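Encoded as structure tokens, the structure appears first; notes follow it.
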Amino acid sequence: HSFRSTTKPSKLQNTSLKMGIVPESFRDPNNRRHGTIVVVGLCLAVIFSISGFYNGVNLFAFHPMLMSVGICLLMPMSLLAFPYNMMKPLKERTNLHGNLAVLAVLCTVAGFVVIFYNKIIHGKQHFVSWH
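Adding 214 to a residue's 1-based position in the sequence shown gives its number in the working numbering.
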């Protein structure tokens with residue numbers, strides 16, 4: 215099974231591929247869709263980060279930032295890094311996938327630890343809501 219598109223590139227696409235302006239892997243419409251997923255994840259991470267810091271810098275503000283970067287940005291990047299970058303060697307793709315997944319989990323755990331510690335500081339109960 216090939217991940218490459220079967221459509222013939224236009225003259226402009228061929229020229230830009232030869233010049234190195236557009237990577238060959240971008241011919242595949244799946245790669246563009248996955249790029250869109252990463253951009254949406256980045257936008258969500260930025261929006262949640264800004265909203266977390268809206269009332270100033272405090273410990274709570276790091277919770278939405280770390281959680282959104284881990285879940286909305288790094289985890290989708292990790293999932294898409296492995297199967298759709300077929301032009302790179304298997305070991306390189308596996309390492310990229312694993313490193314991004316580890317970073318995603320670390321950010322998510324750090325976001326949880328921050329909010330857990332913040333509740334301890336303020337004397338609030340843990341796990342009293344579904345959120």
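Backbone N, C-alpha and C define an ideal beta-carbon position, used for all residues, glycine too.
Computed from a prediction, not measured in an experiment: that's the story for all the values here.
With a threshold of 7 Å between beta-carbons, can residue 282 be considered close to chain B, or not? Absent here is chain B; the protein component of the structure consists of one chain.
For the 8 Å Cβ check, are there 3 or more pairs between the stretch 280–289 and the stretch 301–309? no
For a quick check, are the C-beta atoms of residue 311 and residue 292 less than 7 Å apart? yes
Between the Cα of residue 282 and the Cα atoms of 294, 295, 265 and 269, which residue gives the shortest distance? 265
How many angstroms separate the CA atom of residue 274 from the CA atom of residue 329? 6 Å
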